[in-house]
Structures are given as structure tokens and as C-alpha cells.
Amino acid sequence: MILMQLNQVRKYFGADLILSDIKLEVHNQDRIAIVGRNGAGKSTLLKIMAGELSYEGEIYQPKDLTIGYLEQHSGLNSTATIWDEMLTLFEDTIALEKDLRAMEVKMADPDEMKDEEAYQQLLQDYDRKQNLFQSSGGFQYEAEIESVLHGLDFGHFDFSTPVNELSGGQKTRLALAKLLLAKPQLLILDEPTNHLDIRTLSWLEAYLRGYDGAIVIVSHDRYFLDRTISTVYEVTFQRTKKYHGNYSYYLTQRAKDYELELKQYEKQQAEVKQLEDFIQRNIARDSTSNRAKARRKQLEKMELMDRPTLENKSTKFSFSIQRKSGNDVLKVENLMAQYEDMDEPVFQKVNFHVNRGDRLAIVGPNGVGKSTLLKAILKKLAQVHGTIQVGTNVQFGYYDQEQASLHPKKTVLQELWDDYPQKNEKDVRTILGNFLFSGDDVLKTVGMLSGGEKARLLLSKLMLQQANVLVMDEPTNHLDLDSKEVLEAALADFPGTILFVSHDRYFINRIATQVMELTKEGSRVFLGDYDYYVEKIEEEAELEELARSENERESEQSDKHDFQAEKEFKREYRKVQRKLEAIEEEISKTETTIEQLEETMSDPEIAGDYSRLQSIQDDLQHHQHLLEKHMEEWEQLQLQMDGMQ
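Each step along the sequence shown adds one to the number in UniProt numbering, with nothing skipped, and position 624 is 624.
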């Protein structure tokens, strides 16, 4: 079933054409990624699909289609508590629940039973509303709210906390939680992985894979895309191109398509040249003029291909070092950090050792102190206890995810040139050009830049430091997918040492040789990439489960009941259970027969056939007595079973 179809959709902002000839289809259960460079129009396309922006062209969708849209920088603004805000999604169900409770009170009132007809009507209304309550998720909506809030890292929160007291990132996560609980038929998510740690990302991936609806996603998290989507629409040169497969397949297929199109173009160009040469040599000769004219007609009818191109405007840089550090780069022992206004430490018992050439990824949940640890190592933080030994000739270069070192009133040119005044303007502009700041872009103030542009500016400054130890806090935040690949290539060739914090699992796999897990209790180092780290964590969980099962088995063996008694008990329990199931089946059959007999008696065609009616009435009474007998037997078995539990 097609939920949405876009045909030749165009979008202008003023005179600037942002999107042109966009074709896209969303079917039920689709998992679609919209990819493309920053500025290609991905977020604009999502807004058009969500009905947030006007457009030219055609969009077809069912009138009753429900759409949920998470904007990139959105967040809930509400004076309600976290719990009450989530409950707004279930107002109809809650109202129905209140009706049922009120009806239960009436049903228990003896005065209500005096009017048999009214009481029967009350019972029927109650039964109907209870079925409606059940079908609308009335028995599990509170559990669903708790599950989603826990999954999106609100498990440690007091749910009575007002929403407006949350941080910006927390409000964004809460907006995502509310959207997931609403369960629209089409879920449109613009960068849903922002503000999520690795554990929360894993939960979201599992939730989206089981989502009963269609999903359209824009994300720069390649690991996330590979695990959630099965179709890719690339937005390039203001148009879309469809690929069937996950993000890794798309990258491979795009490269193959480009090579194939280039070969086809070159083949056609060779054919055109051959035709043109033939025409030029033969058009003036009487003996071959007709053939030359035929070739000219053939050339005129030929649909010439444009030379295939890729949007290859990517940053180009590499990291170098002034001098090599000693083999022992950093040794941290029993490190603890605490802010003055906090009773508990941010982290404690942190121990690790870094040698020259190591690439250490620091992972852990939000709030555990990963960024604080980097600042502690760089001596940017007071209230630090423990030992930090820095090796000989170590030069730190720091990439700050908060981008606090940038001056909002400086121009891009000034920001870089002021740090390296010995360089001439042409060299500074050339460096900025490698980071996609060209022409008048270098005269923009830093405050005017997007997050991605600020990230590229920080990387340009980091590159010029020529430090031999790079300390990087979320370096892939704000970068588009192509820029991430360039950064990865530069770091892979870097001859020094890298310590970095990242939630980008694909990036960690490409760069890390070690992973350090930071928790409130301390730290652990795993020798390998992210996938190896996950594998070891899963192994530990399996061993813990085995140990728990073994403890339970030993506990069962030490129970006062011996094995034979337990076996006999289970046999008797199953016997009673089978009897109970059998009698429940008989009750169901008898109730069905009674319903059928009552329907037959109310048939107008036999209203005058008293003999037939009497026979049906006798049969009805027989089955009613039989039902009473079955119910008595069921109650006895149920009591027996309850006593055995």
C-alpha cells in the first residue's frame, strides 16, 4: 500500500532552486533514508513531506494518513510534567477508563439491579466499552510510556519533573518519545540520533526495526542507518535517485553506477567522434555524400549523455606532527573529578595507559563524565584527584564539541589568521578553501556559521597545530557523511596518538584500536574496535546469565522438596491444568450453543410455531443447567489450582 507519492516536486527559496523533479514513494513498512550533502535539501524535503512547507508539483497520500514529524532542532515546550505530557496522547483511552470505573460502581449498587432491563443494558454497555478499552491499548498504555521513557534514557528521572525544567537535548529526546508513543502510520525523523548515547541508540534501532508503520529518516549516523533502513534516496543536484539496500550497499552501488555511466558516456563520445570524423571526411565527396548525410541524421537524432559527475566538493586535509612523542604518552591512575556544587563525583577510579600510536575511544552513557575526563587530562578542570602522567614531547591538540574556543564576532578569516599571524592571507585562504570556505565565505562571522561550518573551522585550526596527540570530543557531530569519511581518512593516516569521545559507532570502528568504557564505578579498557567491545560485553552478559541460572538451579536443589516430590507436584498440577482447560472449552461451547438457541428463538419466522419454540426452550434450559454445572466444576478446579501455586 502506497502511503505517499511525490512526483516532480520542486521547491524555491526566493529565486534559489533547492529541489527539482523530486520523485519518491513511501509504502507501508518501508524503511527509507534520505541522504545527501549538507545543504542538498534533505531537511527541506522532510518538511514538505510532513506538510510543513509549500511546494510545486504533486503529492498523493490517503486522506486519513497520520504523520509524525521530528524536526532536527525541535523539543517539547510544556508546563506539564514528563508523565502528564505523555498521557496527553491517551486522553480518549483515559476517559474511557473513567467511564468503566463509574459503570463498575453502578453495577455494584443494589438499586441498579432492581430494573432488570436497565441493568442488562448497563452490562452490555460495559462489555462493549471494555472491549474498546482493550483494543485501544488501555491495559498497557502506562507500561508503554514507561518502556519508551526508559529506552530514551529517562529511567532515572522523576516523571513528575516539569518538561520546561529539562535541557534542550532532553526536550528533544522527550519529543521523540512522544512521537514514538503516538504511533503514526508515517514516521518522519530528521536526525533522531542527536543527543543519544550508544545504549539509547541501540534501543532506538531495535524499536524502529519493529515499528508497525513506515519510517523516513535523515541521519548522519551510518551505523544507525545500516541497522534500520532498507531503501536509500540520494538527494543530489536537486534530484533524487533510489537505491534498494542499506547505507553501505548504497555507497557501493553508487560507485558502481558512476563507473558504469562514465563508461557509457565515454563509449557514446567515441561513437560521436567517429560519426563526426566520417561526416567531415565524406560530406563533400559525391560518392560518399549520401552516406555522410545519413550519418549526420543519425548524429542529430542521437540523445547525447551529459558527463556523469558526483557531488565531490569535500574537505581535503591531513594531520601532521611537528615532532614525535615518547612511547609513553599518558598514564592515568585512580582519577576522580568532582564539581563544587555536586555531592557525588562525576567519575572515579579511572585507570588507563596510552602509548604512542594508540587510538583510544572513550564510550559510556550520557552524563557519565566523558567530556569532563578529557578536560581533566588537559588540565582544564579543577577539583581533580589522582595521577595524570604526561609523557615526554607530548603536544595536545584539542577538539571541543561545544566549540567554545571560537569567537562569534570574528570572521572566519580572522579566527584562523589571528592564531597564525606569520602566515600570509593567501595561504590562510587556501587552507580555509580546503575546508570549503571559499570567496566571501571567509568574511562571514563565526556567529553566522552552521554547526557543520564551525566544525570544519575547528578542524582547520586543529590541523595547523601539528600536535602529536589529538584529544577529540565528538568530532563527527555536525559533519555530513562525506566530511566524516574525509576526517576518518585523515585520522587513519595520522602518525600520532588519538584520544576521542564519540557516539558514532561506525567512526569508532574505523579509528579505534582500544575502547575504554567509562561508568560511575570506574573504567575498563578493551583491546579492539567497537564491534569487539560489544561482543565482549555480550559474552559477559551471557556468562552472568549462566551463573544466575546455575545459582537458581542450586537453590532449587537445596529446596525442602526433593526431586520426586517436585516431579509429582508438577504432574498433578498439569493434570488439574488440563482439566481446567477442558472445562473452559466446554463452557465456551455451551455459551455458544446458548447464544445460537437464543438467536433462533428470536427469529420472526418461527414466532407462531409454539411446538418448535417449546422444543428450543427445553433445549435452552438444558444447556443453561449444563453451563451452571460446568461453572461450578470450573470454580472447584480454579480453587484447587490457586492452592497449588
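We treat Cβ as the ideally placed atom computed from N, Cα and C, and that holds for glycine. The model shown is predicted, which means the values in this text are computed figures rather than measured ones.
Indicate the three-state DSSP secondary structure (helix, strand or coil) for residue i in the structure shown.
i, result
"M1", "coil"
"Y398", "strand"
"G386", "strand"
"L335", "strand"
"D603", "coil"
"I537", "helix"
"R307", "coil"
"residue 683", "With the chain running from 1 to 645 in the structure shown, residue 683 is simply not present."
"H244", "strand"
"Y420", "coil"
"T315", "coil"
"T288", "coil"
"T411", "strand"
"T593", "helix"
"T44", "helix"
"N393", "coil"
"D341", "coil"
"I583", "helix"
"S325", "coil"
"L251", "helix"
"M302", "coil"
"residue 648", "Absent from the model: residue 648. The displayed extent of the chain is 1 to 645, so no value can be given."
"T366", "Checking the displayed sequence, the identity of residue 366 turns out to be Asn instead of Thr. Residue state, collapsed to three classes: coil."
"K380", "coil"
"S450", "coil"
"L76", "coil"
"E52", "coil"
Taking the alpha-carbon of residue i as reference, which of the options has the nearest alpha-carbon?
i, options, result
"A50", "G36, E599, Q72, R209", "Q72"
"Q383", "R291, I94, Y339, E591", "Y339"
"S588", "I508, D427, F154, L627", "L627"
"D306", "L330, E488, Q120, Q268", "Q268"
"I537", "S549, V515, L580", "V515"
"L470", "A607, G447, F396, Q29", "F396"
"P162", "I82, D92, T309", "I82"
"L201", "E266, A214, L176", "L176"
"E104", "G364, K129, K370", "K129"
"L208", "F526, V428, E25, A33", "A33"
"K484", "L260, R281, F317, S167", "F317"
"Y506", "K106, Y530, L299", "Y530"
"I279", "R295, Q264, E632, Y265", "R295"
"I217", "N194, M342, Q238, I198", "N194"
"L597", "E586, E52, D619", "D619"
"M4", "T66, A40, Y610", "T66"
"S54", "P62, F13, G68, G75", "F13"
"A376", "L335, T392, R323, K409", "L335"
Let me check one thing: in DSSP terms, what residues is residue i bridge-paired to?
i, result
"F352", "V332"
"G68", "L187"
"residue 653", "The requested residue 653 does not occur in the structure, where the chain is confined to residues 1 to 645."
"T236", "R239"
"A33", "I217, V232"
"residue 711", "The structure shown has nothing for residue 711, since the chain only spans 1 to 645."
"Y506", "Paired residues: none, contrary to the question."
"F13", "D16"
"T81", "P162"
"F445", "Here residue 445 turns out to be Thr, not Phe, going by the sequence shown. According to DSSP, T445 bridges with T411."
Mind checking which residues open and close the beta strand (DSSP E) that includes residue i?
i, result
"D16", "16-27"
"S523", "522-526"
Using only the heavy atoms of the ligand NAD, determine whether one of them is closer than 7 Å to the beta carbon of residue i.
i, result
"A489", "Looking at this structure, you won't find the ligand NAD or any other ligand, since it has none at all."
For the alpha helix (DSSP H) that contains residue i, what are its first and last residues?
i, result
"F435", "Taken as a continuous stretch (DSSP letters only), F435 belongs to no alpha helix (DSSP H), as it is neither H nor E."
"F133", "116-135"
"I145", "141-151"
"I321", "First-last for I321: undefined, no H or E at that position."
"K63", "Taken as a continuous stretch (DSSP letters only), K63 belongs to no alpha helix (DSSP H), as it is neither H nor E."
"A95", "91-107"
"H623", "610-644"
"L373", "370-377"
Q) At which residue ranges does the region 155-218 contain complete beta strand (DSSP E) runs of 3 or more residues, listed in the order of the chain? A) 186-190, 214-218
Which runs of the beta strand (DSSP E) spanning at least 3 residues fall entirely within the region 460-496, listed in chain order? 469-473
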